[in-house]
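Colleague: Protein chains in written order, with the working numbering: chain A, 2 to 535; chain B, 35 to 342; chain C, 346 to 951; chain D, 62 to 382.
All residues carry an ideal CB built from backbone N, CA and C; glycine is no exception.
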């Protein structure tokens, strides 16, 4: 086994301790000091929708709260701004809004405000990135009375609860009067009040003494806010982030590289804490629609997949485990035990290529563009490795690491349509926080709609009516037959060699001694889960 | 008797020595620093030309088992890695040698092209004079006062990075220095007495420029060329570091530093060696240029040539 | 105090370290200077006279030299004596500029261009006399008046580049005398100056000697200067003192061979009176190689120059428009016959060189007519011009610059022959070799490079090169000015010899009237771009009519110790210049014909 | 005076060329509307934007408009800065004026450049003068090699090394960031290496040249102390090439700080440029380049003025008497 693999094992041990933290009753000590978190990139904005995936806005949930949330420890849903919620029918959820909550701008959080906020976040017109968790239906919200909000999807939607745990609730007053502020001055209800965003440096927030959670006994979190202020400092250099924790500049450094995590073992003053995530690294090989005909040949596709040493790639990534041959981890609804990892068999790959060539396929015309996005951690060695692997079985490759501006359009249908005859394998990361295969299958395999370039399956490259129809059936179904039909679909796409899962990522943190940090598979940094211990 | 008095005069000026190639050779052998520099450069060039022959491993060969091995360690199949390996298990030393090929050729070709362009523009401008000269020199001044690295970035951002574009951008953004110098030299030469003399002897213009002027202005231009090569090698590193230069998987010194950055604390050799390579190359070029300037400078020459 | 000695050197020895061991510059130099007297150290380049003067204040060490032997004894103001060879740097600083003042050869560069005259004069005063700025300025004013500079108040505020050469040299003198030193060392103080200015400066120095009572150590290469200034003379040759004595004795009965040679080599104004034709100088130790036949000018007119005008624009303003013109050559006309030498005499800026260059079209004249053998030179196209150059050649002033440093002498001399395809192969080689013989250069030099030659030798090469295409006419632009007198004499004789043998015509451009008298059949005097007087040598030099010609001739130092030098001192203000606003058209010159062929300008331009 | 006007006119021309360059080069990327909204944009959105921004007019009209707007300080608005959202015509209402964004970053860059020069000038000049005062001595050799080393080093590499050593191993200084004085030291040192080298070289040769001139001997002959001769008499004359070099290096700092700012997370204009490049935020990139070019031009102008103060010969365009 390679160096880095053994490393990730030892780290698995480290992560357990983080989960071992027991719930401590709210300590009422006056908050003091600043929690400095070194994050790997500057947010592009701090809009309410960003709360769904903190890669864009780490720590936003300290300012902006959701109706309900996923409990980092149990993984179940817990009340936040909604005290209770009930299913009316397959399409509808009804939320009871918490009393006496005010936004940081002083305006009360009325049912109206909540509805406005939800509509803003989920409106297809705004086309926020959160749309990748929308669909097939469209979501809208309305206030029934001052304490009740009803959220509806125009199609039966078993995932509605989950979706409601994503979008942040922000001040309706701000949305009405100064929408431009919405993007860089979040006004929420959370335990911390947004203070300032110094471009290129940090954004910070100060303790909100009027936070509802201080009085509510069903407040979420393992502790009361221990810190007078939060500061999220942007540092793209891995070494720099690590050094900040080591030198006490920061208490927590996000996503250290495997090598930094190893160092932590023999350095004093801080430790590396890791835990599994729902994020996986995958390679998606162009298929139908605008792809080069060569890629339609199943032998060639299989050859490509066979030439990938997935163990090696996962090991190269560092803190990651080798995934099954399917997106999503064990325990997800629709997970198929029988679908194992794709094999690594270069010889077989070469045979297949030979066969294809014998049938008149022009293998020399095969030149696969392996593309990654430069914001993805460790992407460069990964794509280089993949390139080398394909090369070793005689498949030509181009290697590219592109900026989001170049990359994003190309992996969406609109851009794809502009590059007919493409041979691209995009190497990218995706999260599946929902615990259900529905969204996965929808966003990755359903046929994209060129007229709806921002729709949920905008980044799929696969078109298969048969598959689509059975998928939409499955998504509307509940319980066991949902699980069943999903499993079949998983097997189906596995055999089509569409997407190769490369690594199921662990995420790690360098944490200063004296800090207990609890996080879930969605890896959010929330002060109420960060505890000072002596 | 008359000739005798001439001989006496000759002895009076005994300090003026003509400088031959062998003198230069002797001089550089005496000047330890310059000697070291030129030896380094010779080795570099040899390695660059014979990369296939000198590199112990394939620069692109993937070998995940032997990732991040420190210098002087041997891999799983017992192969020896002089300067260690990167995270893909590729031999740093081999990549340095192949990287030299990229970096050095960018420097050489880029500087060469801009020199060609600049010197032609400058010499003609300086010798021809008039409106043509005005226009050229305006252009030179204008382009010189542009933030060149920035413009380079922007252009590469528009055209996209890569070896060829890099060289194009460099030659377009660096010819001015040569033009300015060549023009200055041409101006001096035009008024120099020996050129006037040649003219009065009925020597043709072309012959004056190429037979009389060129040899007299060659030295400073060579010096500048050497310096520019160094500058371009540095710029290539910077641009590649930013991802606008040479594209992976081609090894380039700048890229190697960029890649090694993540492991800078745990695997120092990833960043240190390519950094040193660039540093030593640029330093050697500068030292050499410095030396050439000194020995070809008519004022200093005598001191340097007879120096030990 | 007659017998008391102010400063004395005994067996002074100065060396310069080099990688091949120390090089001895001067050796065994002993002389002394008494209070109030003028001692001249005379010698040619390389004689070590300057090194000697620099040693007295240990200045030589700033040139990398070291005093490795002997002693320098100075009697200080306070009566004590000190050995300047071993004096500490602090002691020296107290003496330099304070008890010993010094002035240098290059007035153009010896003043710091970045500071005002006032500041530079004050500096010494403040250091040595502890004066404050105001007092220093007051003293500076006195000094400037003392050296006869007009409107001294303004001068103090000016920068060196705003002053003329003569004025700068006066400032230098004033600065040197600032702290009332009792010894003033003057290192070639007038070499770089025009002869009229030189006369004034020399006069001034002599005057100041009397006014301040300071002794003066004058370093020069010019025997005439010696004759006029010195009480006693020290003759140096190749780093050694060859002779010492009172000026009259040295001049009348020189003992040492070298001194004799030196004196013989100096052309003396007046020697040629009553002699219609040029004659070579007699060079001691060299068998007299007189011309085969007397140098009689021909009758056929070879070159005619009429109304030649050349102006250089002074650009300025927003779009670099021409705001003024330097009237370098203003309506100049003259003619030269075959086998004749016309000398163009004038001081720097008189336009004599530009005239010569314009004739060869190295400058394109603005207007005028040049006819060579009845061909209109200015009308020729470039190819015609090229082969006309076979017959018109040029010898430049600077023997170092006029040869291409990267080419062998053979190729340089062969160049015109190749250009005109006159010969090739072995014929070419013989021809070049013969040219070397012709100018008395050993054939062993053929494969050498210019750096290996001395100035005189290079000038011979330049002449050989000019001779190569057998020209009928040679412009010799200050051809001997850069050379030591002895060498100068040799080259002059060579040129005369060539004229005698080959019947060449010369346009001999020079600032040195004495030299001109030697070589010229006819003389034209130029001033601010115009010919003010032209005629036969005897007419112009022995019977000058124009005011300027008179001053010029009067200014020429003679070897006569009794000549009065002070009379020439006049208060110096701004020098007249040939710069006129754009569009200014001076009226054409009108000449009076004094005698046959002797013309004098009658309308001055204002 | 006339000269000054001339220089200003030249500078204006240079800036004009720069503006034209960024405008047309920007168009090479392709449809600006598409660039602003991204390929996912709906045709409606694109068309709206085109109409709003007058992108349907002939290119020269647009160019003219662009220049005019620049003159009135309007560099356009950013469609990227501060949004992680997919294209939508609504953005035009809430986009930020790029010029504000750029100006917001300038102080940091100025501060850094000033600090770097604060290190570079005294050290460089001192090294150079020392070397010149004792030519071919050991000191001279050391200075030569050191200064060449400074010129030859890869800035961002040096930066990384400094971080590893001073911030990580020794923990003396922060790894990067902005705010207290400690933050500026490492980046400033990194940036100073090159200017130190070049200033030292120029000073050395310039002073050496001056020390060989006759007026130096005059000063000695006046009994002026040696140090005064070197540091006052020669240095003031050597000042012009030195000032030129300082000016060049200052301009280089304003532009060349890009990598250093990135490595040290220094929120200057360099960092901004890198971000906007990765977001291909065209208006922002164009504005940054124009602004920086303007700065560089200003520096050159100042250097020119400095000449006139330093060199009496060209002061007020006086001609020789």
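So what's residue 26 of chain A in DSSP terms, helix, strand or just coil?
Modeller: Summary for residue 26 of chain A: the model assigns pLDDT 43, below 50, so the residue's position carries little reliability, and this model does not support an answer.
Colleague: So residue 676 of chain C is in the beta strand (DSSP E); what residue range does that whole segment cover?
Modeller: From DSSP, the beta strand (DSSP E) with residue 676 of chain C extends over 666-682.
Colleague: Here's the rule: buried if 16 or more other CB atoms are within 10 angstroms of the residue's CB, otherwise exposed. What is residue 115 of chain B?
Modeller: By the 10 Å Cβ count, residue 115 of chain B comes out buried.
Colleague: Report the residue from B/119, B/319 and B/212 whose alpha carbon sits nearest the alpha carbon of residue 307 of chain B.
Modeller: With distances taken between Cα atoms, residue 307 of chain B lies closest to B/119.
Colleague: For residue 220 of chain D, which three-state DSSP category applies?
Modeller: Residue 220 of chain D falls in the helix class under three-state DSSP.
Colleague: Assuming residue 109 of chain A and residue 519 of chain A are in contact, meaning their beta carbons sit under 8 Å apart, how far apart are those beta carbons, in whole angstroms?
Modeller: Not a contact, Cβ separation roughly 31 Å.
Colleague: Would you please verify whether the beta carbon of residue 295 of chain B is less than 8 Å from any beta carbon of chain A?
Modeller: Judged by the 8 Å Cβ criterion, residue 295 of chain B is in contact with chain A.
Colleague: Looking only at its own chain, which residues have a Cβ that is under 6 Å from the Cβ of residue 326 of chain D, when we skip the five neighbours before and after it?
Modeller: Closer than 6 Å at Cβ, skipping near neighbours: 237 and 238.
Colleague: Please give the ranges of any alpha helix (DSSP H) in the stretch 601-655 of chain C, keeping only runs that are unbroken, at least 4 residues long and fully inside the region.
Modeller: Segments of the alpha helix (DSSP H) lying fully in the stretch 601-655 of chain C: 602-610.
Colleague: So, helix, strand or coil for residue 201 of chain A, using DSSP?
Modeller: If DSSP states are grouped into helix, strand and coil, residue 201 of chain A belongs with coil.
Colleague: Which partner residues does residue 579 of chain A have in the DSSP bridge list?
Modeller: Since the first residue of chain A shown is 2 and the last is 535, residue 579 of chain A is not available in this structure.
Colleague: Going residue by residue through the stretch 89-172 of chain A, where are the continuous beta strand (DSSP E) segments of at least 3 residues, counting only ones entirely within it?
Modeller: Taking only runs of at least 3 residues, the beta strand (DSSP E) segments lying wholly in the stretch 89-172 of chain A are 93-98, 140-146 and 149-154.
Colleague: Identify every run of the alpha helix (DSSP H) within the stretch 284-338 of chain A, keeping only runs that are complete inside it and at least 4 residues long; order them along the chain.
Modeller: Runs of the alpha helix (DSSP H) inside the stretch 284-338 of chain A: 299-307 and 311-318.
Colleague: To which residues of the same chain is residue 429 of chain C closer than 6 Å at the C-beta, ignoring the five residues directly before and after it?
Modeller: Excluding residues within five positions, the ones whose Cβ falls inside 6 Å are 417 and 419.
Colleague: Taking a cut of 7 Å between CB atoms, which residues from the stretch 94-126 of chain B lie near chain A?
Modeller: Against chain A - using a Cβ distance shorter than 7 Å - the residues of the stretch 94-126 of chain B are 94, 96, 98, 99, 101, 102, 121 and 122.
Colleague: Looking only at its chain, what residues have a beta carbon closer than 7 Å to the beta carbon of residue 134 of chain D, apart from the 5 residues adjacent to it on each side?
Modeller: Taken in chain order, the residues that qualify are 160.
Colleague: Under three-state DSSP, which class holds residue 938 of chain C?
Modeller: Residue 938 of chain C falls in the strand class under three-state DSSP.
Colleague: Any contact of the stretch 348-356 of chain D with the stretch 271-286 of chain D, i.e. 3+ C-beta pairs under 8 Å?
Modeller: As far as the Cβ criterion goes, the stretch 348-356 of chain D does not touch the stretch 271-286 of chain D, which means the pair count is below three.
Colleague: Does any C-beta atom of chain D lie closer than 8 Å to the C-beta of residue 233 of chain A?
Modeller: Closer than 8 Å: no.
Colleague: What distance in whole Å lies between the Cβ atoms of residue 86 of chain D and residue 192 of chain B, which are believed to be in contact at a cut-off of 8 Å?
Modeller: At roughly 5 Å, the Cβ-Cβ gap stays under 8 Å, so residue 192 of chain B and residue 86 of chain D are in contact.
Colleague: Classify residue 166 of chain B: buried if its beta carbon has 16 or more other beta carbons within 10 angstroms, exposed otherwise.
Modeller: Burial call: exposed.
Colleague: When you compare the CB of residue 264 of chain B with every CB in chain D, is at least one pair closer than 8 Å?
Modeller: Yes, because at least one Cβ of chain D sits closer than 8 Å to the Cβ of residue 264 of chain B.
Colleague: Which residues does DSSP pair with residue 337 of chain D in a beta bridge?
Modeller: Its beta-bridge partners do not exist; DSSP assigns none.
Colleague: According to a CB-to-CB cut-off of less than 8 Å, which residues of the stretch 725-757 of chain C neighbour chain D?
Modeller: Result list empty, no residue passes.
Colleague: Using a C-beta cutoff of 8 Å, does residue 282 of chain D count as contacting chain C?
Modeller: Judged by the 8 Å Cβ criterion, residue 282 of chain D is in contact with chain C.
Colleague: For residue 139 of chain D, which residues in chain B fall below 7 Å Cβ to Cβ?
Modeller: Residues of chain B passing the Cβ test: none, with the nearest at roughly 16 Å.
Colleague: Report back the beta-carbon spacing between residue 673 of chain C and residue 865 of chain C to the nearest angstrom; my notes put them in contact at under 8 Å.
Modeller: With 8 Å as the limit, residue 673 of chain C and residue 865 of chain C do not qualify as a contact, their Cβ atoms being about 22 Å apart.
Colleague: May I have the straight-line CA-CA distance separating residue 384 of chain C from residue 168 of chain B, to the nearest angstrom?
Modeller: Going by the C-alpha atoms only, they are around 56 Å apart.
Colleague: Which residues in chain B sit within 7 Å of residue 133 of chain A, going by Cβ to Cβ distance?
Modeller: By Cβ distance, chain B contributes nothing, its closest Cβ being about 26 Å from residue 133 of chain A, past 7 Å.
Colleague: Helix or strand or just coil, what does DSSP make of residue 67 of chain A?
Modeller: Residue 67 of chain A: coil per DSSP, three-state reduction.
Colleague: Check whether chain D comes within 8 Å of residue 316 of chain B, counting only Cβ atoms and requiring the distance to be less than that.
Modeller: Yes, residue 316 of chain B counts as interfacial toward chain D.
Colleague: Is there a Cβ from chain D that is less than 8 Å from the Cβ of residue 84 of chain B?
Modeller: No, its Cβ sits nowhere closer than 8 Å to a Cβ of chain D.
Colleague: So, does the CB of residue 283 of chain B fall closer than 8 Å to a CB anywhere in chain D?
Modeller: It does not; no Cβ of chain D falls within 8 Å.
Colleague: Taking the alpha carbon of residue 262 of chain B as the point to measure from, which residue in D/337, D/349 and D/212 has its own alpha carbon closest?
Modeller: The residue with the shortest Cα to Cα distance from residue 262 of chain B is D/212.
Colleague: So, for residue 478 of chain A: in the same chain, excluding its five sequence neighbours on each side, which residues have a beta-carbon less than 7 Å away from its beta-carbon?
Modeller: Taken in chain order, the residues that qualify are 486.
Colleague: For residue 463 of chain C, collect the residues of the same chain with a Cβ closer than 7 Å to its Cβ; drop the 5 residues on either side in sequence, then sort them by chain order.
Modeller: The answer, listed in chain order, is 482, 485, 501 and 502.
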